[in-house]
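Everything on this sheet refers to the single structure shown next.
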Amino acid sequence: MKAVQADQEREKQRRVEVEREAEKKREAKQRAKEAQERELRKREKAEEKERRRKEYDALKASKREQEKKPKKETNQAPKSKSGSRSRKPPPRKHTRSWAVLKLLLLLLLCVAGGLVVCRVTELQQQPLCTSVNTIYDNAVRGLRSHHILQWVLQTDSQQ
1 MKAVQADQER EKQRRVEVER EAEKKREAKQ RAKEAQEREL RKREKAEEKE RRRKEYDALK
61 ASKREQEKKP KKETNQAPKS KSGSRSRKPP PRKHTRSWAV LKLLLLLLLC VAGGLVVCRV
121 TELQQQPLCT SVNTIYDNAV RGLRSHHILQ WVLQTDSQQ
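In terms of UniProt numbering, the numbers along the sequence shown are unbroken and rise by one, the last being 159.
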């Protein structure tokens, strides 16, 4: 019996040892794989850094070339531009009147938006909207009763 138990114990220890060895091999493979991945990322990062450096150097070189060209042109005699197209004049800068016009258009847009909100939505019963609607109705009524405007509308509709 003792011999059988000893054999079973040895067999159990052997299985445990085999399992430990297999676990060690798996861990070693995992470490090797992680090391390869780290090395690959490191290489990719170095390649990206080199690519960026080359792009930067090329950009710097093109800027130097651009700076050299105007210097060469100032040293040379002016060339005739008989065959080349004339350049367009610089665009006219907007004056204050443009700014005022834009401001008035924005104000008109805001008023129209407010009027639409007060006429269409459920806010019609609010005090502000009732006064806005009253002003709008009075303005429309006044424009309809205006004689010159009626004449213009009649002549336009007849044509």
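The C-beta atom is built at its ideal place from N, Cα and C for all residues, glycine as well.
Asked                                                                         : Found
T155 - containing alpha helix (DSSP H), residue span                          : 147-158
L103 CB to nearest heavy atom of the ligand ATP below 7 Å                     : This structure simply doesn't include the ligand ATP, nor any ligand for that matter.
Beta carbon of V116 nearer than 8 Å to that of L123                           : no
Nearest-angstrom beta carbon gap, V132 and G113 [assumed within contact, 8 Å] : Wrong, their Cβ atoms sit about 11 Å apart, outside the cutoff.
Euclidean distance between Cα positions of R43 and A35                        : 12 Å
Candidates I135, Q8, A6, of which the one nearest R119 by Cα                  : I135
Inter-residue Cα distance where the pair is M1 and D7                         : 10 Å
Continuous alpha helix (DSSP H) stretch holding L101: start and end           : 96-120
Through-space distance from E23 to K54, alpha-carbon basis                    : 46 Å
DSSP-derived helix/strand/coil call for Q66                                   : helix
Alpha-carbon to alpha-carbon, K25 and V16                                     : 14 Å
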